[in-house]
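According to mature numbering (1 follows the signal peptide of the UniProt record, and there is no 0), the sequence shown holds residues -23 to -1, 1 to 506 in order. Even glycine gets a Cβ: it sits at the ideal position worked out from N, Cα and C. For clarity, every value in this text was computed on a predicted model and none was experimentally measured. A quick write-up on the structure given underneath.
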Amino acid sequence: MASRFYLFFSLSLLLLTHSPSNSQSNQFCEAGIGYGEVGCGLSSSTKLLIKGGTVVNAHHQEVADVYVEDGIIVAVKPDLKVTDDVKVIDATGKFVMPGGIDPHTHLAMEFMGTETIDDFFSGQAAALAGGTTMHIDFVIPVNGSLIAGLESYEEKAKKSCMDYGFHMAITKFDDSVSRDMEIMVKEKGINSFKFFLAYKGSLMVNDELLLEGLKRCKSLGALAMVHAENGDAVFEGQKRMIQLGITGPEGHALSRPPLLEGEATARAIRLAGFVNTPLYVVHVMSIDAMEEIAKARKSGQRVVGEPVVSGLVLDDSGLWDSDFATASKFVMSPPIRAAGHNKVLQGALSNGVLQLVGTDHCVFNSTQKAFGIDDFRKIPNGVNGIEERMHLVWDTMVESGQISINDFVRVTSTECARVFNIYPRKGAIIAGSDADIIILNPNSSFEINARSHHSRTDTNVYEGRRGKVEVTIAGGRVVWENNELKVVPGSGKYIEMPPFNYLFSGIDKADASYLSSLNAPVKRSKSTT
């Protein structure tokens, strides 16, 4: 009954906040019954054979069959024979790949006086329809408390319909937060902490707090992450735009130019280098930030750069649209940049300067965006992407020849699994891995639009672009096939992520080398007079 109630409640909210076509409403399993069984269109079979496709991993591809049992990949071999009780999917002429992992989402997040319109059911349902089978969301502390923040997000995630993990934001630092960080890592399966260098007066931290946080992350083997914009300068830029009478969405981009992203990225990288701990820069949106990452990586520093799909495929022209509703849907931070930045970021992704693609899926509907109709500072920041990411990376990067099919798997799934220490359970199609799988048809295509997407928002910044993922399998069950979504709330699993990923290898030796190079303290004889 709980599953029925949650699905009915979620669908009711969907209809209230976004008026889909009849065909879209049917894409959601209407009854919401039979969690884990045959109801709601879910197959009762726990055995599945994907036959004849080209199986693609990050470093290898082969024509093979994939046999799945009880949610785990059992075998990947050509011409597997199975009994009649096994469901068979013919993937001939198609690519069979690991399900996508989105490292950067904000579901049910309270922000700027409202809450993101996608919760842990609707956002995850949208993800599954787009070929993403796991995401990592950001827990926001409650009045600085990590424990209270986690409890809040655990409650929100009870309606999950796919696997998920958590990052944790740090908004203050004291002995209590330091202790709670250890609890998060050692008991709660959280291995990453995010520091906002923007959003002055709410989430922003200063350099002293960032340094303390970096040191604590290093001691725990946790990955430090930064939202890199100079919050003080952004605040000044916002005042400047208002004084100039620029109150519309274009003022958002003008108030926080690329140089402020570049400055904060450089500062965070240097402080992480000073502490000698790995750093992950989220939503790299500009050439300025990318160049700082490239320089650091060339010098040997352990820095991960994450572009998001909006920064890769869009430019800022939409922010200058004369219609407020159209312009405001593109408002996010850091801003979508002027034409040219996206092309350079694509190049950086193809040559390895940037390593994996997220979305920063953080959606608000038109009513919420209209909070800032007279003042861009009040427009809730965020765009969609959790459903569109896999399609758009393929269309933008693979179809153009900028990356290989293997690289597509790497930047959408495998590298995320490695960075957050869940590989090869996730991010691979090999025996023993979780059966999170997509089937992509390179010869078919459908149009992305707000009428047919599964997010609750009533707009889509990728309107008119194309997608190719035909089948999504999560935990061994077919959840997206023939344009039908078969999901139930409460069926998702929390994935614990252990500390000390591969980026920490050799850190202790580097520290020892540094200490031995100091030639200090110098022993001096005390003079006597």
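Within the same chain, 78, 80 and 333 come within 6 Å of residue 393 by CB-CB distance, once the 5 residues on both sides are set aside.
The alpha-carbon of residue 222 is positioned some 44 Å away from that of residue 276. In the assembly as shown, residue 144 is a buried residue. Its beta-carbon has 16 or more other beta-carbons within 10 Å. The residue among 449, 476, 471 and 477 with its C-alpha nearest the C-alpha of residue 464 is 449. The Cβ neighbour count for residue 113, taken over all protein chains shown within 10 Å, is at least 16; the residue is labelled buried.
The three-state secondary structure of residue 74, taken from DSSP, is strand. Residue 64 has its alpha-carbon roughly 42 Å from the corresponding atom of residue 202. Taking every protein chain shown into account, the CB of residue 376 has fewer than 16 other CB atoms within 10 angstroms, so this residue is exposed. Residue environment for residue 391: buried (at least 16 other C-beta atoms within 10 angstroms of its C-beta). Remark: C-beta atoms of residue 281 and residue 273 do not approach each other more closely than 7 Å. Residues of the same chain with a CB within less than 6 Å of the CB of residue 189, apart from the 5 flanking positions on each side, are 150 in chain order. Apart from the 5 residues on each side of it in sequence, residue 426 sits with its Cβ closer than 8 Å to the Cβ of 437, 440 and 441 in its chain, given in chain order. In this structure, DSSP gives residue 268 a helical state, which the three-state scheme calls helix.
Nearest to residue 60 by C-alpha distance, out of 44, 369, 278 and 447, is 44.
Boundaries of the beta strand (DSSP E) harbouring residue 454: 454 to 458, taken from the DSSP string. DSSP places residue 57 outside both helix and strand once states are collapsed to three, so it counts as coil.
In the structure shown, residue 345 adopts helical secondary structure according to DSSP, grouped into three states. In this structure residue 180 does not touch residue 211 by the C-beta definition: roughly 12 Å separates them, more than the 8 Å allowed. Taking a C-beta distance under 7 Å as the contact criterion, residue 408 and residue 66 do not qualify as a contact pair.
When C-beta atoms of the region 87 to 99 are compared with those of the region 121 to 128, fewer than three pairs fall below 8 Å, so the two segments do not count as touching.
Residue 124 is bridged by DSSP to nothing; it lacks a bridge partner. If you draw a straight line from the Cα of residue 305 to the Cα of residue 296, it is about 7 Å long. In the three-state reduction of the DSSP assignment, residue 112 falls in the strand class.
For the 7 Å CB-CB criterion, residue 200 and residue 155 do not form a contact. The count of Cβ pairs closer than 8 Å, one atom from the region 457 to 477 and one from the region 129 to 144, reaches three, so the stretches are in contact. When only Cα atoms are considered, residue 131 and residue 466 end up about 14 Å apart. For the pair residue 373 and residue 313, the Cα-to-Cα distance works out to about 16 Å.
Taking C-beta separations shorter than 6 Å and ignoring five residues to either side along the sequence, the partners of residue 327 in its chain run 379 and 380, following chain order. Separation of residue 232 and residue 299 (C-alpha to C-alpha, rounded to the nearest whole angstrom) is 19 Å. Uninterrupted beta strand (DSSP E) stretches at least 3 residues long and entirely within the region 192 to 251 occur at 200 to 204, given in chain order. Take residue 26, set aside five residues on each side of it, and the residues of its chain with a beta-carbon closer than 8 Å to its own are 42, 43, 44, 45, 57, 59, 63, 64, 65 and 66, in chain order. Straight through space, the alpha carbons of residue 403 and residue 489 are spaced by roughly 34 Å. Within the same chain, and ignoring the five residues on either side of residue 401 in sequence, the residues whose Cβ sits closer than 8 Å to its Cβ are 394, 407, 409 and 410.
In the DSSP assignment, residue 93 falls outside any beta strand (DSSP E), carrying neither H nor E. If you draw a straight line from the Cα of residue 309 to the Cα of residue 336, it is about 11 Å long. If the five residues before and after residue 443 are omitted, its C-beta is found closer than 8 Å to the C-beta atoms of 368, 372, 422, 423, 424 and 425, all from its own chain and listed in chain order.
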